[in-house]
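Note sheet for the following structure.
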Amino acid sequence: MKLKYTIPAALAFVAIVVAVFFLLLDRERDKLEAERAEYARVQQEVMQEIMQEELNKISKEYEEQYQKISSKGRDGRSLAFSADSLLSQLNRERERVDSLKRELKQSKEASIQRIAQLQREIGMLRDVLKSYVVQIDSLHATNERLRAENKEVRQSYERVSDEARQLSDEKERLTQRVNLAAKLDATAITVTPIDKRGRATKRISKMVHLKINFVVVKNITAPVGYKQFYARIMRPDDEVMLKSEAGNFEFEGQQIPYSIRRELEYGGEELPVEMFWPIEETLLAGKYRLILFADGNIIGESTFSL
Numbered sequence: 001m002k003l004k005y006t007i008p009a010a011l012a013f014v015a016i017v018v019a020v021f022f023l024l025l026d027r028e029r030d031k032l033e034a035e036r037a038e039y040a041r042v043q044q045e046v047m048q049e050i051m052q053e054e055l056n057k058i059s060k061e062y063e064e065q066y067q068k069i070s071s072k073g074r075d076g077r078s079l080a081f082s083a084d085s086l087l088s089q090l091n092r093e094r095e096r097v098d099s100l101k102r103e104l105k106q107s108k109e110a111s112i113q114r115i116a117q118l119q120r121e122i123g124m125l126r127d128v129l130k131s132y133v134v135q136i137d138s139l140h141a142t143n144e145r146l147r148a149e150n151k152e153v154r155q156s157y158e159r160v161s162d163e164a165r166q167l168s169d170e171k172e173r174l175t176q177r178v179n180l181a182a183k184l185d186a187t188a189i190t191v192t193p194i195d196k197r198g199r200a201t202k203r204i205s206k207m208v209h210l211k212i213n214f215v216v217v218k219n220i221t222a223p224v225g226y227k228q229f230y231a232r233i234m235r236p237d238d239e240v241m242l243k244s245e246a247g248n249f250e251f252e253g254q255q256i257p258y259s260i261r262r263e264l265e266y267g268g269e270e271l272p273v274e275m276f277w278p279i280e281e282t283l284l285a286g287k288y289r290l291i292l293f294a295d296g297n298i299i300g301e302s303t304f305s306l
């Protein structure tokens, strides 16, 4: 009779124990799942923070490379003028980095697959950045070499220009010396008033000619050949004595009138010259001035009184 009641009681107890065990097991399973989920969440957040930090570094490095290209060097020019394509590519990669940063910031619960994909993209960005660093450093090195070459060329040009300027100045000085050496000079200048018998006179009323005499000195450096000799006679009132048929000659870039002109052949040796001024006007008493010209230069001056 006792055995009859003992077995069901034992079975009931076992059932209760099993039920409690499975209840505890379910609770442990739920707790474990919750811990796994929390671990996964924390791991995901850590990964996102790591990727965000990596993207920030990459973004900073892209910005540094961008500044290398766009900033002006010592010569006032940037690399952008010779790296437009590279600058455009760099801008695209910077935008891509910014886009990934925004995605990471906004997506708090990205999937494992997306996180893995983002990691690959960040790795690709890092590789692309390395290639840009190599290109930009190479571009900088090339630019520095070109700057050095340009500086050398500029210095050579300035040196050659200075030498050419010095040669030009020296040539100008030599030309001036040659011109000065070739300039004719008149000496022994006299003006003699003469009467109708060809004799010298001091009486204005008896004067019919003014006889001008001078000697062109020897000059072997002067050009030889026929030369025009001009005389300008200045009255006491500083007016030039002129004839109606008198013309002009060039002096210092201007055309000026002459009183007397005579053409003679000059061979480099001493040359006596004689000119006559027919007196057809009323002469003023006072000091007169005679200026002689040849080859566009003043070759002599003198004064005389009547």
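Numbering follows our numbering, with no gaps: position 277 of the sequence shown is 277.
The C-beta atom is built at its ideal place from N, Cα and C for all residues, glycine as well.
Keep in mind it's a predicted model, so treat the numbers as computed, not measured.
Cβ-Cβ separation between F293 and Y230: approximately 4 angstroms, consistent with a contact (criterion under 8 angstroms). For N297, the enclosing beta strand (DSSP E) starts and ends at N297 to S305.
Within the region 229–302, the runs of beta strand (DSSP E) that reach at least 3 residues and sit entirely inside it are, in chain order, 248–251, 254–257, 260–266, 271–278 and 287–294. Rounded to whole angstroms, the Cβ separation of M207 and L290 is 15 angstroms, and the two are not in contact under 8 angstroms. With a cutoff of 8 angstroms on beta-carbon distance, V224 and G268 are scored as near each other. For K196, the CB contacts under 7 angstroms within the same chain, skipping 5 residues up- and downstream, are V208 in chain order. Membership of L184 in any beta strand (DSSP E) is not indicated, and neither H nor E is assigned to it by DSSP. Around the beta-carbon of A188, fewer than 16 other beta-carbon atoms lie within 10 Å, marking it exposed. Rounded to whole angstroms, the separation of the alpha carbons of M124 and S88 is 18 angstroms. For N213, the beta-bridge partners assigned by DSSP are T190 and E274.
If you draw a 10 Å sphere on the C-beta of P278, you find fewer than 16 other C-beta atoms in it, and that means exposed. One alpha carbon belongs to K57, the other to E144, and they sit about 28 angstroms apart.
The C-alpha of N91 is placed about 20 angstroms away from the C-alpha of R120.
Taking C-beta atoms as the reference points, L184 and N219 count as a pair closer than 8 angstroms. E170 counts as exposed, since fewer than 16 other C-beta atoms from the protein chains shown sit within 10 angstroms of its C-beta. In summary, G300 is buried, with 16 or more beta-carbon neighbours lying within 10 Å of its beta-carbon over all protein chains present.
Within a 10 Å sphere around the beta-carbon of V153 sit fewer than 16 other beta-carbons, which makes this residue exposed. Under a 10 Å Cβ-count criterion, R27 is classified as exposed, with fewer than 16 other Cβ atoms of the shown protein chains found around its own Cβ. Distances from the alpha-carbon of V217 to those of V273, R261, L167 and D127 put V273 closest.
Taken through DSSP and simplified to helix, strand or coil, K202 comes out as coil. CA-CA distance, S161 to N150, rounds to 16 angstroms.
Secondary structure at K227: strand, using DSSP grouped into helix, strand and coil. Less than 8 angstroms separates the beta-carbon of V215 from that of A186.
For the region 130–172, there is no continuous beta strand (DSSP E) assignment of 3+ residues that stays within its boundaries. Nearest C-alpha to E270 among A222, Q254 and E239: A222. Ranked by how close their Cα comes to the Cα of I204, the residues I233, E54 and E280 have E280 in first place. Counting every other CB atom within 10 Å of its CB across the protein chains shown gives L167 a total below 16, marking it as exposed. Burial check for Y226: the Cβ neighbour count within 10 Å stays below 16, so the residue is exposed.
By the CB criterion at 8 angstroms, F251 and G296 fall inside the cutoff.
The residues N248, in chain order, have a CB closer than 6 angstroms to that of Q255 in the same chain once the five nearest residues on each side in sequence are set aside.
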